[in-house]
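Chains as they are written, first to last, in our numbering: chain A, 1 to 347; chain B, 348 to 694.
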DNA sequence: GAATTTTACAAAACCATTTTCGGAATCCCT
DNA sequence: AGGGATTCCGAAAATGGTTTTGTAAAATTC
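Take a look at the structure:
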């Protein structure tokens with residue numbers, strides 16, 4: 001199939017390329033008659049404009065980048081749906097990049113954006129990201145950036161998060177109310193703001209209730225499942241094990257369930273479990289899982305919407321835009337008071 | 348931050364733009380001394396070449412498109428990981444598009460690819476897709492296409508699938524061996540090859556065992572959860588309900604569990620359930636779920652690898668490349684013989 | 001030492017589109 | 001009728017690279 005360009009259209013119609021270009025954009029300086037002829041030929045020859053020529057000339061790519069740690073998590077899956085929905089509606093294209101929780105990969109990916117490949121960036125930083133030069137660097141190129149979920153506070157721009165502190169507080173408080181006296185918070189990172197804010201909420205509950213922080217009050221996990229299994233098993237394989245666990249991220253929940261099964265620990269009788277999770281299957285787990293559910297789709301939508309505002313209105317200031325979409329607590333069997341299984345009509 | 352272009356580098360160094368361009372590509376006709384000076388300045392000025400200028404001239408975008416129904420499913424989440432891993436290694440960029448199971452959206456998305464925006468396409472067609480003109484159309488533009496999972500057999504190109512027929516056979520056979528005599532296959536589509544092949548496998552088991560096909564041997568579901576809940580409930584709310592269910596897709600499993608809970612049907616005592624699923628949480632469901640697990644990551648990898656072969660070796664023929672990555676049966680409690688719960692050391 | 005090749009770079013064409021500028025023809029107004 | 005505005009379009013520059021062609025000087029060959 002031969003490439004049909006504006007030039008070919010122009011030759012065929014005995015018009016100049018400029019005229020055809022303007023006709024395609026419905027410019028007022030082109031007669032309706034000419035526009036009609038152009039459009040007829042466009043349909044006949046199946047002409048589709050070359051986006052890269054346009055991008056080059058206009059210095060706009062109508063493309064955004066989404067940078068994620070990975071899509072294994074159901075949170076990011078849902079967020080992608082939200083982002084893509086907005087982008088498709090706005091006629092934008094979405095480039096996706098995965099850092100696999102690696103800082104150097106994140107650096108390399110961001111570096112490329114200085115090229116003008118994308119008009120804007122949505123990013124949820126990697127677990128390893130502790131400094132932000134690579135991000136501020138592309139920012140100086142005038143490319144708007146919106147953080148979602150995992151933000152980087154040193155960078156002055158819009159953040160879309162959920163109420164992490166309050167959620168951590170609610171999670172811990174719920175466990176306390178269900179009788180837990182020795183709670184361990186399973187963190188995924190000592191640097192990620194999201195993990196720390198949730199942890200702060202947990203700390204607040206401890207101090208509010210005059211519970212002193214035990215040495216195993218926080219367990220830092222890694223991105224390696226086998227390692228996490230070992231450390232959680234080590235935590236629980238003890239007569240003095242915690243009676244409440246807060247999984248700060250979905251993945252850890254599955255490991256927790258495995259450990260409990262292997263150690264013959266009953267949930268919720270021996271240990272109550274609450275998880276930050278978007279698992280659709282939380283309700284049909286064994287036992288059903290109490291969750292703090294993040295509004296993943298909405299956060300993706302909100303982040304994309306903010307970004308597009310910055311792209312469409314010049315001089316739109318992202319800096320002080322901070323959208324907080326609240327998470328919700330779903331109480332289920334994994335934190336039930338021993339012996340009293342509720343049957344909620346959740347469906 | 349001012350845009351630094353090749354022209355700026357050239358001026359600074361008193362060289363021509365062509366020379367700088369060649370120096371950047373390590374051309375043999377440029378002296379080592381000049382190359383060094385160019386690279387020094389590149390680092391100093393933080394120069395990143397404009398990809399669109401390059402794409403325009405070279406007629407290559409180093410970008411591929413991934414077209415998916417949605418990423419709600421854990422299958423597609425894992426597949427994206429596989430695809431992105433290969434693409435990142437090859438230095439390609441990945442545009443992601445969601446059809447949301449809509450044929451017209453799929454058409455619109457595909458149409459844009461005639462523009463040269465992408466060098467190649469990975470696609471898993473929507474549930475509504477019954478004809479393939481829109482796909483063959485972009486194929487005539489010389490853009491290589493690889494189908495994965497949900498293929499379109501009328502289009503002559505590479506397919507990466509799992510052994511759907513055999514898996515359907517294995518699933519049904521497993522239920523028969525566990526004593527099921529009245530099995531219903533929950534389909535997601537009457538046109539999707541993947542759903543039909545699995546169904547064929549199921550049919551084969553029926554005929555092999557001299558079981559005649561009941562009228563409710565197959566239940567066609569939709570993309571609407573509430574509808575599916577009603578129709579599955581209707582199926583099961585009957586003394587003569589099936590004693591075995593095959594969920595052809597992950598999503599339906601959760602609905603099935605809900606229905607059974609609401610109807611007070613016990614799994615596996617009253618009905619055994621097997622699902623095509625990649626849920627990491629299958630093992631900790633209530634009861635744990637017997638699955639046919641598709642090699643999602645590997646399929647994504649394989650599809651991307653095939654596509655890159657076609658992109659890198661010209662005249663590489665995709666047409667007769669058919670990669671079949673086998674699924675595996677994971678037997679768990681949801682299909683257990685009544686009363687004998689196994690404890691598998693799966694971890 | 002003349003002819004030839006090689007080296008190392010410059011100049012210019014090219015990719016497909018957008019946009020500015022200008023100009024001829026037509027229309028409007030008095 | 002003449003001056004100005006409007007309509008409709010062409011020519012050309014510009015976007016930022018890549019690639020082809022051209023060309024001096026240096027190196028090599030005979």
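For each residue, glycine too, the CB sits at the ideal point set by N, CA and C.
Just so we're clear, the structure is a prediction, and the values are computed from it rather than from any experiment.
Take the Cβ of residue i as the centre, count every other Cβ of all protein chains shown within 10 Å, and call the residue buried at 16 or more, exposed below.
i: residue 253 of chain A; result: buried
i: residue 179 of chain A; result: exposed
i: residue 602 of chain B; result: buried
i: residue 190 of chain A; result: exposed
i: residue 326 of chain A; result: exposed
i: residue 681 of chain B; result: buried
i: residue 16 of chain A; result: exposed
i: residue 139 of chain A; result: buried
i: residue 342 of chain A; result: Bear in mind that the predicted position of residue 342 of chain A carries a pLDDT of just 45, short of 50, making it too unreliable to give a figure here.
i: residue 464 of chain B; result: buried
i: residue 63 of chain A; result: buried
i: residue 271 of chain A; result: buried
i: residue 504 of chain B; result: buried
i: residue 336 of chain A; result: buried
i: residue 134 of chain A; result: buried
i: residue 61 of chain A; result: buried
i: residue 220 of chain A; result: exposed
i: residue 687 of chain B; result: Residue placement at residue 687 of chain B is flagged as unreliable, the pLDDT there being 48, under the threshold of 50; a coordinate-derived value is accordingly withheld.
i: residue 126 of chain A; result: buried
i: residue 380 of chain B; result: exposed
i: residue 72 of chain A; result: buried
i: residue 387 of chain B; result: exposed
i: residue 230 of chain A; result: exposed
Kindly give me the distance between the Cβ atoms of residue i and residue j, rounded to whole angstroms, as I take these residues to be in contact under 8 angstroms.
i: residue 646 of chain B; j: residue 429 of chain B; result: 7 angstroms
i: residue 22 of chain A; j: residue 30 of chain A; result: 5 angstroms
i: residue 449 of chain B; j: residue 597 of chain B; result: With a Cβ gap of about 20 angstroms, residue 449 of chain B and residue 597 of chain B do not count as contacting.
i: residue 99 of chain A; j: residue 89 of chain A; result: Contact flag wrong, Cβ pair sits at about 27 angstroms.
i: residue 621 of chain B; j: residue 518 of chain B; result: 5 angstroms
i: residue 367 of chain B; j: residue 392 of chain B; result: Contact doesn't hold; Cβ gap of about 12 angstroms is too wide.
i: residue 332 of chain A; j: residue 281 of chain A; result: About 12 angstroms; that fails the 8 angstroms criterion.
i: residue 87 of chain A; j: residue 304 of chain A; result: 6 angstroms
i: residue 97 of chain A; j: residue 399 of chain B; result: Not confirmed; about 18 angstroms, so no contact.
i: residue 293 of chain A; j: residue 323 of chain A; result: About 17 angstroms; that fails the 8 angstroms criterion.
i: residue 56 of chain A; j: residue 403 of chain B; result: 6 angstroms
Can you check which of these residues, the options, is closest to residue i by C-alpha distance?
i: residue 729 of chain B; options: B:477, B:541, B:530; result: No information on residue 729 of chain B is available, as it lies outside the stretch 348 to 694 that chain B covers here.
i: residue 302 of chain A; options: A:259, A:289, A:122; result: A:122
i: residue 501 of chain B; options: B:484, B:488, B:514; result: B:484
i: residue 50 of chain A; options: B:493, B:459, B:581; result: B:459
i: residue 213 of chain A; options: A:280, A:182, A:61, A:247; result: A:182
i: residue 657 of chain B; options: B:373, B:493, B:474, B:377; result: B:493
i: residue 93 of chain A; options: B:373, B:413, B:539; result: B:413
i: residue 471 of chain B; options: B:580, B:462, B:427, B:512; result: B:427
i: residue 173 of chain A; options: A:291, A:206, A:151; result: A:206
i: residue 291 of chain A; options: A:27, A:168, A:54; result: A:168
i: residue 277 of chain A; options: A:211, A:285, A:270; result: A:285
i: residue 423 of chain B; options: B:676, B:629, B:644, B:663; result: B:644
i: residue 176 of chain A; options: A:233, A:166, A:245; result: A:245
i: residue 461 of chain B; options: B:653, B:590, B:406, B:417; result: B:406
i: residue 204 of chain A; options: A:222, A:258, A:185; result: A:185
i: residue 604 of chain B; options: A:259, A:283, A:241, A:54; result: A:283
i: residue 141 of chain A; options: A:119, A:316, A:217; result: A:119
Spell out the partners DSSP gives residue i in its beta bridges.
i: residue 410 of chain B; result: B:440
i: residue 467 of chain B; result: B:411
i: residue 220 of chain A; result: A:187
i: residue 377 of chain B; result: Beta-bridge pairing links residue 377 of chain B to no other residue.
i: residue 677 of chain B; result: B:638
i: residue 632 of chain B; result: A:285
i: residue 323 of chain A; result: A:160
Does any heavy atom of the ligand NAD sit closer than 6 angstroms to the C-beta of residue i?
i: residue 131 of chain A; result: Looking at this structure, you won't find the ligand NAD or any other ligand, since it has none at all.
Which whole runs of the beta strand (DSSP E) in the segment 242-276 of chain A are 3 residues long or more, in chain order?
244-247, 272-276
Of all the alpha helix (DSSP H) runs that stay within the bounds of the segment 492-539 of chain B, which reach a length of 4 or more residues?
511-524
Please go through the segment 383-432 of chain B and give each complete alpha helix (DSSP H) segment of 4 or more residues, from N-terminal end onward.
398-405
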